[in-house]
Amino acid sequence: MSHAAVLEPGKSLPGSRRWVASARAAFTEQALLARLLGAQAPGGVLAWLLPVVIAVLGGVLRFVRLGEPGSLVFDETYYVKDAYSLLRSGYEREWPEEANDSFNAGDPSVILPTADYVVHPPLGKWMIAGGLLLFGPGNPFGWRFSAALVGTLSILLLAFVAGRLLGSPVLGAAAGLLLAVDGHHLVHSRTSLLDIFLMFWLLLAFAALLLDREQGRRRLARRLAAAAGGTGSPPSAAHLRFGPWLGLRPWRIAAGICLGLALGTKWSALPYIAAFGLLTVAWDLGARRVAGIRRWASGAVLKDGLQAFASIVPLAALTYLVTWSGWFASRDAYDRQWAAANPSAQWDWVPPALRSLAEYHRSAYTFHQGLATDHPYEAHAGLWLILARPTSFFYEKPAGCGAEACSQAVTVLGNPLIWWSSALALLILLAVWIRSRDWRAAAVLVGAAAGYLPWFLYPERTMFYFYAVAFEPFLILALVYCLGLVLGGPSDTLRRRRVGVLLVGAFLAAAVLVSAYFLPIWTADVIPYEQWRQRMWFPRWI
46 MSHAAVLEPG
56 KSLPGSRRWV
66 ASARAAFTEQ
76 ALLARLLGAQ
86 APGGVLAWLL
96 PVVIAVLGGV
106 LRFVRLGEPG
116 SLVFDETYYV
126 KDAYSLLRSG
136 YEREWPEEAN
146 DSFNAGDPSV
156 ILPTADYVVH
166 PPLGKWMIAG
176 GLLLFGPGNP
186 FGWRFSAALV
196 GTLSILLLAF
206 VAGRLLGSPV
216 LGAAAGLLLA
226 VDGHHLVHSR
236 TSLLDIFLMF
246 WLLLAFAALL
256 LDREQGRRRL
266 ARRLAAAAGG
276 TGSPPSAAHL
286 RFGPWLGLRP
296 WRIAAGICLG
306 LALGTKWSAL
316 PYIAAFGLLT
326 VAWDLGARRV
336 AGIRRWASGA
346 VLKDGLQAFA
356 SIVPLAALTY
366 LVTWSGWFAS
376 RDAYDRQWAA
386 ANPSAQWDWV
396 PPALRSLAEY
406 HRSAYTFHQG
416 LATDHPYEAH
426 AGLWLILARP
436 TSFFYEKPAG
446 CGAEACSQAV
456 TVLGNPLIWW
466 SSALALLILL
476 AVWIRSRDWR
486 AAAVLVGAAA
496 GYLPWFLYPE
506 RTMFYFYAVA
516 FEPFLILALV
526 YCLGLVLGGP
536 SDTLRRRRVG
546 VLLVGAFLAA
556 AVLVSAYFLP
566 IWTADVIPYE
576 QWRQRMWFPR
586 WI
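Start counting the sequence shown at 46; every next residue gets the next number (this note's numbering).
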């Protein structure tokens, strides 16, 4: 029997044994849905009200004092100025030395006419450009507006995903709350780097695949029941050999587009295209097996897998090319005329613009492969989950805090309680999956692994902890899954559930208090130096 979505992870509903129907009623739509989907998450106002409230809280943390610091910080020096360049020309242009001083002062006119060589796709910078368009290039609030908006929306999105995945609006709200108050996500939401946009599109793709899983199983139940003639008896052998074709899958198509947009933000989305594609096919394999299809593996490959490939891989690739529209439309972008300057009898059948873009990508890939320069805040991927080396985006010693020495910092440091607990939760999920093959545990592990494990393939490459925001939602999902285990299920005693509620409530309250303690070093508050130093718990945090 499949591990259906229930109200709490690892628990079943009273009477769950009744999901096994008699042979004479096994193929009614109701019986099929019970096997394929199990108990569904309760809907109603609460399922939407809690996530909205949490998202509003997260929005306040992200938008208040968003213009501080009033200067470009860390890699904003590249992406914000590139965003302005895209608005002006449709492609990235070069800037003179000391251009930051002019840009910070509200004078971007110092931009040079020559094209610049950049190594990241343009979509994230186009998204940053939206804030510049709304508020002007001289407004630090405008520089970071898009990041704050996407960060806030991702809180709402994660709450929806967690509620849908785990079958509980309360656990969904808990996931949104943990993401809302975590410093790693908060700093990214208040700084215009590309990673927050990458995270958003990946999470949106996962949400679309969750909806596709439900929609596909509902269609399978409906079509098998129709093939049975409404009697509940098994359909004919022909119908059960491979099972029905389920038609076009719009949510899967949406996922392919989202993955293409993620790839158009950063190439580190590439493993997710493979991982999510295999995940959605695995879900279809399980659906056909549980439904009673005799050749369920062949049926899933022929009737679901090929369409899944077409909906995700080519569509993601096409969407990715669309994100380069500004480059295609220009004449002077970097390498735009490379094909004209480098004719090739072997490759002349390829459109010149695509040949030029291919050369650009070859060069950028070589750059990424050889990126091994020393940096004071570099951190190998093995150090990320334990917060061994946070990234300092900004640090100054201004006056005005009432102490002899003051500090103003923007530090990419996750809430230690959340991150250390999430690292432990991943191990628990792995054990749960090995023991019970819970599809939800597998889905969360796949999402975390696709964003995390590929970094171990490049041990010599310069890496930073802040890259981890791309898969942070899956760390939160792992943690909330474990909180669901602590809560218990309907089959537990009232005393057991009360203890679970107290423990989970205490954990969430502690997480909020820890975040309140670290908030000043996430949001560039001016505080006494001693208070900043107290928050640097380990020497490698400085």
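All C-beta atoms in this analysis are idealised placements derived from N, C-alpha and C, irrespective of residue type, glycine included.
By the CB criterion at 8 Å, PRO289 and LEU265 fall inside the cutoff. Assigned with DSSP and collapsed to three states, CYS451 falls in strand.
For PHE190, the enclosing alpha helix (DSSP H) begins and ends at 185-211. When C-beta atoms of the stretch 335-352 are compared with those of the stretch 361-373, fewer than three pairs fall below 8 Å, so the two segments do not count as touching. In this structure the stretch 424-435 does not touch the stretch 203-220; the number of beta carbon pairs closer than 8 Å is below three. Counting only runs that start and end inside the stretch 482-555, there is no beta strand (DSSP E) element of at least 3 residues. Comparing alpha-carbon positions, the option among ALA299, GLY115, TYR497 lying closest to TRP188 turns out to be GLY115.
Counting C-beta pairs closer than 8 Å gives fewer than three between the stretch 210-218 and the stretch 127-142, which falls short of the contact rule. Of the candidates LEU94, SER375, TRP171, TRP171 places its Cα closest to the Cα of LEU306. Around the CB of LEU502, fewer than 16 other CB atoms lie within 10 Å, so the residue is classed as exposed.
Within the model, the alpha-carbon separation for TYR317 versus ALA250 is close to 9 Å.
If you ignore the 5 residues before and after CYS451, its C-beta comes within less than 8 Å of the C-beta of LYS442, PRO443, ALA444, GLY445, VAL571, ILE572, PRO573, TYR574, all in its own chain and listed in chain order. Within the stretch 298-372, the alpha helix (DSSP H) runs of at least 4 residues that lie entirely inside it are, in chain order, 315-336, 341-345, 351-367.
Residue environment analysis places GLN579 among the exposed positions, since fewer than 16 neighbouring C-beta atoms fall within 10 angstroms of its C-beta.
For GLU259, the three-state secondary structure derived from DSSP is helix. According to DSSP, ILE463 shares a beta bridge with no other residue.
Per DSSP, PHE439 is one residue of the beta strand (DSSP E) stretching across 436-441. By the 16-neighbour rule on beta-carbons within 10 angstroms, ALA300 is buried.
Here HIS420 is exposed, its C-beta having fewer than 16 other C-beta atoms within 10 Å. Out of PHE354, GLY176, ASP257, GLN75, the CA that lies nearest to the CA of TYR124 is found in GLY176. A residue is called buried when at least 16 other Cβ atoms come within 10 angstroms of its Cβ; ASN387 does not meet this threshold and is exposed.
Per DSSP, the unbroken beta strand (DSSP E) holding ILE572 starts and ends at 571-573. Three or more Cβ pairs drawn from the stretch 250-263 and the stretch 324-337 lie within less than 8 Å of each other, which places the two stretches in contact. Here DSSP, grouped into helix, strand and coil, assigns THR276 to coil. With contacts defined by Cβ atoms closer than 8 Å, GLY545 and LEU524 do not form a contacting pair. Restricting attention to ALA272, ALA252, ALA487, the CA atom closest to the CA of LEU304 is found in ALA252. Sixteen is the threshold: when 16 or more other Cβ atoms of the shown chains lie within 10 Å of the Cβ of VAL549, as they do, the residue is buried.
Taking every protein chain shown into account, the CB of GLN414 has fewer than 16 other CB atoms within 10 angstroms, so this residue is exposed. Shown here, ALA100 sits in a helix according to DSSP, grouped into three states. Fewer than three pairs of CB atoms, one per stretch, sit closer than 8 Å, so the stretch 392-408 makes no contact with the stretch 547-561. Pairing GLY112 with THR568, the inter-Cα distance amounts to about 10 Å. The Cβ neighbour count for ARG482, taken over all protein chains shown within 10 Å, is under 16; the residue is labelled exposed.
A Cβ-Cβ contact shorter than 8 Å links LEU285 with GLY337. The straight-line gap separating the alpha-carbon atoms of GLU137 and LEU291 is approximately 44 Å. Taking LEU315 as reference, the option from SER356, LEU247, ALA355 with the minimal CA-CA separation is LEU247.
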